[in-house]
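Protein sequence lines correspond, in order, to chains H and E.
Sequential numbering of the first sequence, starting at 0, is according to numbering that gives the first Met the number 0.
Sequential numbering of the second sequence, starting at 0, is according to numbering that gives the first Met the number 0.
We put the beta carbon where it would ideally sit given N, CA and C, even for glycine.
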Amino acid sequence: MRLSDLSRSTSQIRYMSVATERADKVQQQLATNRRIQRASDDPAGAAMAMQYRKNITFEAQMRRNLENGTAFLNVTESAMDSATDLLQRARELTVQGATGTLGPNEKKNIVSELNQIIQQLGQVANTNFGGAYIFSGHQTQTPAYNVTGNPPVSATWQGDSGQRIRQISAQASVAVNVIGDDVFGTMFDDLIALRDNLNANAPTTTINSALADIDHALDRVLNARADVGARINRFEATTNRSLDADTNLQELRASVEDIDITDTIIQFTAAQNALEAALGAIGRTSNMTLLNFLR
Amino acid sequence: MGLSVGLDTAVKALRAHQLAVDVASHNIANAQTPGFSRQRVLLRPIGLDGSDHFSRDNLLGRAGYGVDAKDVNRIRDTFLDFQARQGMSSRGQYQAFSAPLSNAEVVFNDPSDDGMSSLLGKFWSAWHDVVNEPESLPARTALIHASTTFTTRVKAAYDQISQQRLDLNQTVSSIGAQINSRATEIAGLNLQIKQVELNGDMANDLRDRRDLILDELSTLGNISYAEDDTGSMSVYLGTHELVFGTSARTVNTVDDLANPGMVKLQFAIDNDDVNVSNGQLKGILDARDVALPALLDKVNNFATGIMNSVNSLHQTGFGLNGSTGLAFFTGTDASNMALNSVIAGSPQSIATGAAANQPGDPSIALAIANLQQSTNMLAGLGANNLTVNEALSAGNVASGITLGTGLQPGMYHLVANGPNVELHYGSAAGPLIGTATLADINPPGGTISFMNGANTVASISMTVSGAYTAATQLADLTTAGNNTLQVEASASTYYGNIVSVLGADVNRAKGLEDSSGLLVDHLDTLRQSVSGVNIDEEVTNLNASQHAYNAAAKVITVIDEMLDTLINRTGVG
Numbered sequence: 000m001r002l003s004d005l006s007r008s009t010s011q012i013r014y015m016s017v018a019t020e021r022a023d024k025v026q027q028q029l030a031t032n033r034r035i036q037r038a039s040d041d042p043a044g045a046a047m048a049m050q051y052r053k054n055i056t057f058e059a060q061m062r063r064n065l066e067n068g069t070a071f072l073n074v075t076e077s078a079m080d081s082a083t084d085l086l087q088r089a090r091e092l093t094v095q096g097a098t099g100t101l102g103p104n105e106k107k108n109i110v111s112e113l114n115q116i117i118q119q120l121g122q123v124a125n126t127n128f129g130g131a132y133i134f135s136g137h138q139t140q141t142p143a144y145n146v147t148g149n150p151p152v153s154a155t156w157q158g159d160s161g162q163r164i165r166q167i168s169a170q171a172s173v174a175v176n177v178i179g180d181d182v183f184g185t186m187f188d189d190l191i192a193l194r195d196n197l198n199a200n201a202p203t204t205t206i207n208s209a210l211a212d213i214d215h216a217l218d219r220v221l222n223a224r225a226d227v228g229a230r231i232n233r234f235e236a237t238t239n240r241s242l243d244a245d246t247n248l249q250e251l252r253a254s255v256e257d258i259d260i261t262d263t264i265i266q267f268t269a270a271q272n273a274l275e276a277a278l279g280a281i282g283r284t285s286n287m288t289l290l291n292f293l294r
Numbered sequence: 000m001g002l003s004v005g006l007d008t009a010v011k012a013l014r015a016h017q018l019a020v021d022v023a024s025h026n027i028a029n030a031q032t033p034g035f036s037r038q039r040v041l042l043r044p045i046g047l048d049g050s051d052h053f054s055r056d057n058l059l060g061r062a063g064y065g066v067d068a069k070d071v072n073r074i075r076d077t078f079l080d081f082q083a084r085q086g087m088s089s090r091g092q093y094q095a096f097s098a099p100l101s102n103a104e105v106v107f108n109d110p111s112d113d114g115m116s117s118l119l120g121k122f123w124s125a126w127h128d129v130v131n132e133p134e135s136l137p138a139r140t141a142l143i144h145a146s147t148t149f150t151t152r153v154k155a156a157y158d159q160i161s162q163q164r165l166d167l168n169q170t171v172s173s174i175g176a177q178i179n180s181r182a183t184e185i186a187g188l189n190l191q192i193k194q195v196e197l198n199g200d201m202a203n204d205l206r207d208r209r210d211l212i213l214d215e216l217s218t219l220g221n222i223s224y225a226e227d228d229t230g231s232m233s234v235y236l237g238t239h240e241l242v243f244g245t246s247a248r249t250v251n252t253v254d255d256l257a258n259p260g261m262v263k264l265q266f267a268i269d270n271d272d273v274n275v276s277n278g279q280l281k282g283i284l285d286a287r288d289v290a291l292p293a294l295l296d297k298v299n300n301f302a303t304g305i306m307n308s309v310n311s312l313h314q315t316g317f318g319l320n321g322s323t324g325l326a327f328f329t330g331t332d333a334s335n336m337a338l339n340s341v342i343a344g345s346p347q348s349i350a351t352g353a354a355a356n357q358p359g360d361p362s363i364a365l366a367i368a369n370l371q372q373s374t375n376m377l378a379g380l381g382a383n384n385l386t387v388n389e390a391l392s393a394g395n396v397a398s399g400i401t402l403g404t405g406l407q408p409g410m411y412h413l414v415a416n417g418p419n420v421e422l423h424y425g426s427a428a429g430p431l432i433g434t435a436t437l438a439d440i441n442p443p444g445g446t447i448s449f450m451n452g453a454n455t456v457a458s459i460s461m462t463v464s465g466a467y468t469a470a471t472q473l474a475d476l477t478t479a480g481n482n483t484l485q486v487e488a489s490a491s492t493y494y495g496n497i498v499s500v501l502g503a504d505v506n507r508a509k510g511l512e513d514s515s516g517l518l519v520d521h522l523d524t525l526r527q528s529v530s531g532v533n534i535d536e537e538v539t540n541l542n543a544s545q546h547a548y549n550a551a552a553k554v555i556t557v558i559d560e561m562l563d564t565l566i567n568r569t570g571v572g
């Protein structure tokens, strides 16, 4: 075909720009490590990548929820541990108080320690975590118990049975709180009555009967603690499952969205060679004219 | 009759080759001029014909009277012009169409770490954080930020796409101005060409200029043209006359009353709309009036779906300060979607609990956070659907509707076409998705399947009490109220669909742009192969003319010597 000078220079410019464009595209992929820069690069792949990204974000939020819930459960667990220790001490004091051979000073000491235990149990029941009273149900801005008097004369339940829910997976939402009233029940009233009975030199049998109340309170705390422990385990298992899902999703996302480094570097080398070849060919042929051969 | 004739012949030859050198020089000068057609001197021997005052037995007469070099022709193939201009119209159309779509794609910036889908994800995450600590002001404030960022982005996307439309609208006016200036120039050139050619001269360069303007005009819209025997070119834009002889019809930019805020082009002479099927104007109008509005509708659906779903839950809840009945978002669609200013000013007003004075109750917040997983976010659009277990007539019940997984979310319309029912996307006039060939269904029931080729895209299971004829089915399914189906999706799926469908559109538009560009390049190379200047060729011609010129000069010397012999030497001795 007859070629004019104008179409030769136009096509040379076109060859250069095609070769440059190809090299540039691959270079951009290498620089960003991404095969899909825009949805139009691969619409079907982009839809999949967005779905994976959405699921990755969702799983990350679930782990955030789990972490937050685990912290809440851990605080609850340690409160249960303190309550257990305090109740066991109260039980020892009760056994001592029931021996009947106590002097007035010894009895006074027992009573004073019991008062402290009641105060401390009040503090445990009113544990505050992140600005919320953890045993108050939904009444998180109100202490679970209003312990009045020093020495304490009454402890009034102020919470409700509201659940604090965490979404821990797409399917499951789990309450992280235990309700103060369920755990402590009549514990405060029982301990205050026991102290009053000790003060009033009540008969040994009366004091002894308080042991059953304390055991009952211990049972309830231990049950709640076991329940919290089980939930902590479940949260840990769910976190691990979410981490597995995350690894899986990240791999899927990368397989759709990211470049295959080896493959792309080969492509880049090829594009670079093509560009060099195009430039070389243009450089050689553009000097070729009949004028070079005329006198 | 004598030696002077030979001198005359040689002088003609000198003139002819001088002209050939001039033409080669003109060609070389314009080797890189766009639209220039190479020119050639048409050399013709002056023979015996037309020279009857010389006797036929005259030896000189038999040799001829030299060369005639009056005409300088341009070398051009008008059929290639025609093909190239058609290609240019297509390229103009696809270029103009793909650019705004490609810009719209950037607006969404997905998939990426900071695209709109990531902001949507952060919005839902912020709700989960509030669920975790409903009494926490920092968590609530973070939700306010996440919500504001999200609504700002949705509104920005809407505004940027709307701005694209306005920019395209501006371009329509500017195309009107370009059409006018080109039409006027062609009319002017028609006059000049006519005048030059009436004198018997060739208006080569004027014709080149006119052809170049026709190229430009064909990029703007589809044109047709015809040259009359005076050399005037009549031009039609679409089907309407644009240039007639030496007069140009102008187009006006007027407000399009049927398309608020937008303009259209009208021929000044008769107020007919400028109607083109190709070219930049067509591409721009397709983007401005079809593609971008459809995209805006989708963004609106997305925004409205989220607003309605979140608001309807939020209004049932209570804030830390006892507030209730508050809409979380205000606005009616993406253009004015915003966080309720009451909430923006008071994080306590975010409704998290199901009752007043329950600061630790996250149940409403949890329900809102879980909307993320909801697959019917768009249910709030108030569609009038054919639903599952819908009684149609006489105990016939559509007991189940199955939609193919590949169907994009949105409304589908059932439209009668002869004895068949068609499923169209978007509206009754939207794209055809599948066709059901109806047949009588007998108790207990059967299935109506919508097919696209061999694939079932949707199906409706029927439970029937008696023979349910094809005719009754047709009537039932296309009755208002039963003639729409809605494919619902979660907000993120719907959004993902917006982005991937747009991506596919951009991809296709760019593909068409590239292929039409290649075609134009190819046709242009062909045109250039006929009309373009090749310098090597011109230099060769230049050399040839130079030789011929030198030879003609030699002829004069020879004749001069002959005359000298005749005058000074003959009969002297």
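If you draw a straight line from the C-alpha of residue i to the C-alpha of residue j, how long is it?
i	j	result
H/Phe-187	E/Asn-388	58 Å
H/Leu-210	E/Asn-356	38 Å
E/Gln-162	E/His-144	26 Å
E/Arg-84	E/Ser-530	15 Å
E/Met-410	E/Ser-426	7 Å
H/Met-0	E/Met-561	49 Å
E/Thr-303	E/Tyr-493	12 Å
E/Val-486	E/Asp-271	41 Å
E/Gly-570	H/Thr-288	57 Å
E/Tyr-64	E/Gly-175	56 Å
E/Ala-12	E/Asp-559	16 Å
Count the other C-beta atoms from every protein chain shown that fall within 10 angstroms of the C-beta of residue i, then say buried if there are 16 or more, exposed otherwise.
i	result
E/Arg-248	buried
E/Gly-230	buried
H/His-137	buried
H/Leu-293	exposed
E/Val-289	exposed
H/Ala-269	exposed
E/Met-461	buried
E/Arg-90	buried
E/Pro-137	exposed
Using a Cβ-Cβ cutoff of less than 6 Å, which residues in the same chain neighbour residue i once the five nearest sequence positions on both sides are dropped?
i	result
E/Leu-380	Unreliable positioning characterises E/Leu-380 in this predicted model, as indicated by a pLDDT of 40, which lies under 50. The coordinate reading is nonetheless provided below. Cβ within range, chain order: n/a, list empty.
E/Ala-68	Ala-15, Leu-18, Val-40, Leu-42
E/Gly-237	Asn-274, Val-275
E/His-52	Its pLDDT being 45, under 50, E/His-52 is placed unreliably by the model, and nothing is read from it.
Looking only at its chain, what residues have a beta carbon closer than 8 Å to the beta carbon of residue i, apart from the 5 residues adjacent to it on each side?
i	result
H/Leu-65	Arg-165, Ile-167, Phe-234, Thr-237, Thr-238, Ser-241
E/Val-195	Met-201, Ala-202, Leu-205
H/Leu-72	Val-175, Val-227, Arg-230, Ile-231, Phe-234
E/Ser-334	Lys-154, Tyr-157, Asp-158, Ser-161, Asn-299
E/Ser-491	Ser-116, Leu-119, Gly-120, Gln-371
Might you give, ordered along the chain, the residues of its own chain that have their beta carbon closer than 7 Å to the beta carbon of residue i, omitting 5 neighbours on each side?
i	result
E/Leu-431	Glu-421, His-423
H/Gly-279	none
E/Gly-359	Pro-133, Glu-134
H/Thr-304	There is no way to answer for residue 304 of chain H, as the model of chain H reaches only from 0 to 294.
H/Ala-277	Tyr-14, Met-15, Ala-18
Inset, instruction - Determine, using beta-carbon pairs with one atom in the stretch 490-497 of chain E and one in the stretch 95-104 of chain E, whether at least three such pairs fall under 8 Å. - result: no
Inset, instruction - Name, going along the chain, the residues of the stretch 4-38 of chain E whose beta-carbon falls closer than 7 Å to a beta-carbon of chain C. - result: No chain C is present in this structure, whose protein chains are H and E.
Inset, instruction - Could you pull out every unbroken alpha helix (DSSP H) segment of at least 4 residues lying fully inside the stretch 100-167 of chain H, listed in chain order? - result: 103-124
Inset, instruction - Quick one: which unbroken beta strand (DSSP E) runs of 3-plus residues sit fully inside the stretch 60-107 of chain E? Chain order, please. - result: 71-73
Inset, instruction - Mind listing, in chain order, the continuous alpha helix (DSSP H) runs of no fewer than 4 residues lying wholly within the stretch 450-514 of chain E? - result: 469-476
Legend entry - Ranges of the alpha helix (DSSP H) found wholly within the stretch 263-334 of chain E, counting only runs of at least 4: 278-285, 291-313
Inset, instruction - Indicate whether the contact test is met: 3 or more Cβ pairs, each with one atom in the stretch 507-527 of chain E and one in the stretch 6-20 of chain H, closer than 8 Å. - result: yes
Inset, instruction - Indicate whether the contact test is met: 3 or more Cβ pairs, each with one atom in the stretch 434-445 of chain E and one in the stretch 457-476 of chain E, closer than 8 Å. - result: Under the three-pair Cβ rule at 8 Å, the stretch 434-445 of chain E counts as touching the stretch 457-476 of chain E.
Inset, instruction - Assess, as a yes-or-no matter, whether the stretch 214-222 of chain H is touched by the stretch 74-89 of chain H under the definition of 3 or more beta carbon pairs within less than 8 Å. - result: The answer is yes - the stretch 214-222 of chain H touches the stretch 74-89 of chain H, with three or more Cβ pairs under 8 Å.
Inset, instruction - Examine the Cβ distances between the stretch 308-322 of chain E and the stretch 335-351 of chain E and report whether three or more of them are shorter than 8 Å. - result: Per the Cβ contact rule, the stretch 308-322 of chain E is in contact with the stretch 335-351 of chain E (3 or more Cβ pairs under 8 Å).
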